[in-house]
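Q: The opening position of the sequence shown corresponds to residue 0 in numbering that gives the first Met the number 0, with each subsequent residue numbered one higher. Would you mind keeping the following structure in view while I ask a few things?
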Amino acid sequence: MMRREVSSGGVVFRRRGTVVEVLMILDAYGKWAFPKGLVEPGETLEAAALREIREETGVAGSLHRYLTPVHYSYIDRDGQQVAKTAHYFLVEAGSWVLTPQPAEVREAAWLTLGEAQRRSGYDTHRTIFAEAGRELENPGE
Numbered sequence: 000m001m002r003r004e005v006s007s008g009g010v011v012f013r014r015r016g017t018v019v020e021v022l023m024i025l026d027a028y029g030k031w032a033f034p035k036g037l038v039e040p041g042e043t044l045e046a047a048a049l050r051e052i053r054e055e056t057g058v059a060g061s062l063h064r065y066l067t068p069v070h071y072s073y074i075d076r077d078g079q080q081v082a083k084t085a086h087y088f089l090v091e092a093g094s095w096v097l098t099p100q101p102a103e104v105r106e107a108a109w110l111t112l113g114e115a116q117r118r119s120g121y122d123t124h125r126t127i128f129a130e131a132g133r134e135l136e137n138p139g140e
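Shown next as structure tokens:
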């Protein structure tokens, strides 16, 4: 039987003059990703996203917009198939200082959208980059 997981996280951004940068983490698998994690029982997607971002990177932020969820499946370490739904929010960084959580995150970095897309280790990020990029480059449209 397939196990189901729900995670929540964010495309955390900051504006430096005219440059928009997003926060990426180098995860435990050695791939660049957006900070996210499992939603705890009774927790809202919004609360889980902000908690995971803060836990993994030290950055507190404010939610801007819900992005389209991503659905995929993978095989876990025990060989079991997992159906996963990952929810993402566009999150404005309230702080810029990064304090990555050593247990889960090898590195955290502010990257331009283009550099973040080049480094991204997951195909599932493509739609997230497209949607977040449109919103960040044309706010409010």
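Note that the Cβ used here is the ideal one computed from N, Cα and C, for glycine as well.
1) For residue 128, which of helix, strand or coil comes out of DSSP?
2) Go ahead and pull the three-state DSSP assignment for residue 116.
3) Are any of the Cβ atoms in chain B nearer than 7 Å to that of residue 99?
4) Using alpha carbons as the reference points, say which of 11, 15, 20, 7 lies closest to residue 112.
5) Select from 84, 28, 104 the residue whose C-alpha is nearest the C-alpha of residue 66.
6) On the criterion of 16 or more Cβ atoms from any shown chain inside 10 Å, does residue 9 qualify as buried, or is it exposed?
7) Out of 125, 12, 63, 36, point me to the one whose CA is closest to residue 96's CA.
8) For residue 72 and residue 79, which I take to be in contact (beta-carbon distance under 8 Å), what is that distance rounded to the nearest angstrom?
A: With the given structure in hand:
1) helix
2) helix
3) In the structure shown, chain B does not exist; there is a single protein chain.
4) 20
5) 84
6) buried
7) 12
8) Actually they are not in contact, since the Cβ atoms of residue 72 and residue 79 sit about 11 Å apart, beyond 8 Å.
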